[in-house]
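Okay, so here's the structure we're looking at.
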DNA sequence: TAAATAAGATAGCCAAGCTATGTAATTGGT
DNA sequence: ACCAATTACATAGCTTGGCTATCTTATTTA
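Residue numbers (the working numbering), protein chains in the order written: chain A, 67 to 219; chain B, 67 to 219.
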């Protein structure tokens, strides 16, 4: 059971725990997102979050950022525009392109989601120990690092 | 801005971090699940995982366990059956019901997903410190606890 | 035994993903 | 300066996975 430089046993254990982490995170996200009220889909919320952080963006750039195809993002933006969450203006530098910007209504929706999601999970988090909560906050940061590396491939 | 018996400042901070956790987990799951090969959807994989852990189950019980409606689970099981991932047999105790069981092919699919997902994220995890990895494993367990509480409501 | 209940199936809708392809604007090579 | 290639987005058509409403059939119960 001694380790080699590739430590295949460790890799197998890591892979198993990694898949458990994915499943646990997947179930958690589903449970936490199932709160009441005017729900928006994950892709809409991620797009709003992206626009708030980065300012107006082209549809193609939004698609790349969210790792979906351009036709899919075109449809998402179209629905968001109908709901008034974003506005589009033609790109002065390129007649083919549009700039999509978050509206005040879009910002309210995003903030409302954050508040309600927090409200929903907060009681469950309150039953954890202080140490367990701090593990979750650290895990959020670490998952962010891992996600960035996965997305850079 | 003084604190009441409910310590609103702490709640607000917890809510904010909770929403950050949800977003981080959501992006991580998407990134980790975007591996190549014969992909199955999250609901199919969760259902397989559930059947493997719990043995043959009724469609209605599967729907409750996954928090989707019965008609949706009927469709999921139908597609899984066409792919040979599950088999159904009539419930000897209730002529209206079916028992859905995972097949060897379903077990292979589930195991294959676990291996590929692990393979995909393992390199990124290898760049973390030992402590960071152990935080993620702990977080998986804690998210499971929180999910159970959220789902029990 | 008739009524109420429960388990699945069906129908019909929508959102969100995909590939393939079309259109219009921009860029680039000669 | 022009024509070809590329680029940005739109459209068409498909699948999956979610929903509600309703139907059928089997079981329970009054």
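Glycine included, every Cβ here is placed at the ideal spot set by N, Cα and C.
key: chain A contacts made by the stretch 80-101 of chain B, where a contact means CB separation under 8 Å   = Correct list: 80, 81, 82, 83, 84, 85, 86, 87, 88, 89, 90, 91, 92, 93, 94, 95, 96, 97, 98, 99 and 100.
query = Can you name the residues of chain B whose CB is closer than 7 Å to the CB of residue 117(A)?
reply = Counting from 1 along the first chain, the entry for residue 117(A) is found at position 51. Going along chain B, no residue has its Cβ under 7 Å from residue 117(A), so there is no contact; the nearest lies around 14 Å.
query = Does the beta-carbon distance from residue 202(B) to residue 168(B) come in below 8 Å?
reply = What you label residue 202(B) is simply residue 136 of the second chain in a count that begins at 1. What you label residue 168(B) is simply residue 102 of the second chain in a count that begins at 1. When the beta-carbon positions are compared, residue 202(B) and residue 168(B) stay at least 8 Å from each other.
message = Given a cut-off of 8 Å on the beta-carbon distance, is the pair residue 206(B) and residue 86(A) in contact?
response = Taking the first residue of the second chain as position 1, residue 206(B) is located at position 140. Taking the first residue of the first chain as position 1, residue 86(A) is located at position 20. Between residue 206(B) and residue 86(A), the C-beta gap is smaller than 8 Å, which places the two residues in contact.
Chain B within 8 Å of residue 208(A), Cβ atoms only = Taking the first chain and counting its residues from 1, the one referred to as residue 208(A) is at position 142. Taking a beta-carbon distance threshold of 8 Å, residue 208(A) counts as an interface residue toward chain B.
query = Three or more C-beta pairs closer than 8 Å, one from the stretch 76-85 of chain A and one from the stretch 176-190 of chain B: is that the case here?
reply = These segments touch.
request  = Classify residue 171(B) as buried or exposed, calling it buried when 16 or more other Cβ atoms lie within 10 Å of its own Cβ.
outcome  = Here the question's residue 171(B) lines up with position 105 in the second chain. With fewer than 16 other Cβ atoms within 10 Å, it is exposed.
ask   = Based on the DSSP secondary-structure assignment, which residues constitute the bridge partners of residue 167(A)?
value = Position 101 of the first chain, counted from the start, is the residue given in the question as residue 167(A). Answer is 153(A), bridged to residue 167(A).
inquiry  = Between which residues of its own chain and residue 142(B) is the CB-CB distance below 7 Å, once the five residues before and five after are set aside?
reply    = The count along the second chain starts at 1 and reaches residue 142(B) at position 76. Once the five neighbours on either side are set aside, the close Cβ partners of residue 142(B) are 109, 110 and 113.
query = Mind listing which residues of the stretch 170-181 of chain A have their C-beta closer than 7 Å to chain B's C-betas, in chain order?
reply = Within the stretch 170-181 of chain A, those residues whose Cβ lies closer than 7 Å to any Cβ of chain B are, in chain order, 180 and 181.
message = Below 7 Å on C-beta distance, what does residue 131(A) contact in chain B?
response = Mapped onto the first chain, residue 131(A) falls at position 65. The premise fails here: residue 131(A) is roughly 11 Å from chain B at the closest Cβ pair, so nothing lies under 7 Å.
query = Which chain B residues are close to residue 201(A), counting only those with a beta carbon under 7 Å from its beta carbon?
reply = Taking the first chain and counting its residues from 1, one reaches residue 201(A) at position 135. Here the neighbours are 201, 204, 205 and 208.
task = Could you work out which residue in 195(A), 174(A) and 208(A) is closest to residue 190(B) when comparing CA atoms only?
result = By 1-based counting over the second chain, the position of residue 190(B) is 124. Nearest of 195(A), 174(A) and 208(A) to residue 190(B), Cα basis: 208(A).
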